[in-house]
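One structure is given below, encoded as structure tokens.
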């Protein structure tokens, strides 16, 4: 699960 | 970055270019829902606030700026420059019915209760349903010009390609984000009926016309 506030997608 | 995501981004970019060219060349935004375009502008502005705080890559930054700038430009063209051609009589979907539930959902289901994160989550939920006013407009007029159909096909394909990207990332990197996956499925499903008509009619050279 990704870290919040680090969205690498568009 | 994998091939599905790149194709998804390019499809998204293509959709926007097709729409901008259509409006600019024909000097008209007939058949396009201004409501959907306002929602898309809200989507990109609220999602890409992290442009200020987080650097991911030059590609990422470039695309975000393009999406914000073009979405604002489209709204400007529709509501100011080519206002006379805007089909407001048919574009009657009430956007508060989309804005309020997606905002409430973002407040309830998110990764972290911070302003930036809630706005990001809101943008994901809102994007998944932002096309509804456009689909509503097409159903009201009963038809869509082929260029509008190409735009909708490219726009719908983008999240579908992202679904393949998420499957790929799940197996390759063990990465998954349930919020975007569920919203992406909803978003893609909303286009299914349109995809069917596009493939069976528009690709065979016919106009997209809904059965009476």
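Residue numbers (this note's numbering), protein chains in the order written: chain A, 34 to 43; chain B, 447 to 658. Using N, Cα and C, we set each Cβ at its ideal position, and we do this for glycine too.
Inset, instruction - Give the single residue among B/617, B/533 and B/569 whose Cα lies nearest to the Cα of residue 582 of chain B. - result: B/533
Inset, instruction - Apply the 10 Å Cβ neighbour rule to residue 570 of chain B and answer buried if 16 or more other Cβ atoms are within range, or exposed otherwise. - result: buried
Legend entry - Exposure of residue 594 of chain B, with buried meaning 16 or more beta-carbon neighbours within 10 Å: buried
Inset, instruction - Put residue 610 of chain B into one of helix, strand or coil per three-state DSSP. - result: helix
Inset, instruction - List the residues that DSSP assigns as beta-bridge partners of residue 654 of chain B. - result: B/590
Inset, instruction - Determine the extent of the alpha helix (DSSP H) in which residue 634 of chain B is found, giving its start and end residues. - result: 624-646
Legend entry - Sequence-distant residues of the same chain with beta carbon closer than 6 Å to residue 462 of chain B, five excluded per side: 516
Inset, instruction - Check residue 506 of chain B in the structure and name its three-state DSSP category. - result: helix
Inset, instruction - Indicate whether residue 578 of chain B and residue 551 of chain B have their beta-carbon atoms separated by less than 9 Å. - result: no
Legend entry - Pairwise C-alpha distance: residue 459 of chain B and residue 639 of chain B: 22 Å
Inset, instruction - Verify whether the separation of the beta carbon atoms of residue 643 of chain B and residue 575 of chain B is less than 9 Å. - result: no
Inset, instruction - Establish whether the CB of residue 492 of chain B and some CB of chain A are separated by less than 9 Å. - result: no
Inset, instruction - Examine chain A for any beta-carbon lying closer than 9 Å to the beta-carbon of residue 506 of chain B, and answer yes or no. - result: yes
Inset, instruction - Please confirm if the segment 620-627 of chain B is in contact with the segment 481-501 of chain B, defined as three or more CB-CB distances below 8 Å between the two stretches. - result: no
Legend entry - Partner residues on chain A for residue 502 of chain B, Cβ-Cβ distance less than 7 Å: 41
Legend entry - As assigned by DSSP and simplified to three states, the class of residue 43 of chain A: coil
Legend entry - Whole runs of the alpha helix (DSSP H) within the segment 550-604 of chain B, excluding any shorter than 4 residues: 561-575 and 578-587
Legend entry - Cβ of residue 463 of chain B within 9 Å of any chain A Cβ: no
Legend entry - Span of the alpha helix (DSSP H), counted from its first residue to its last, around residue 451 of chain B: 449-472
Legend entry - Under the three-state DSSP convention, the category residue 532 of chain B falls into: coil
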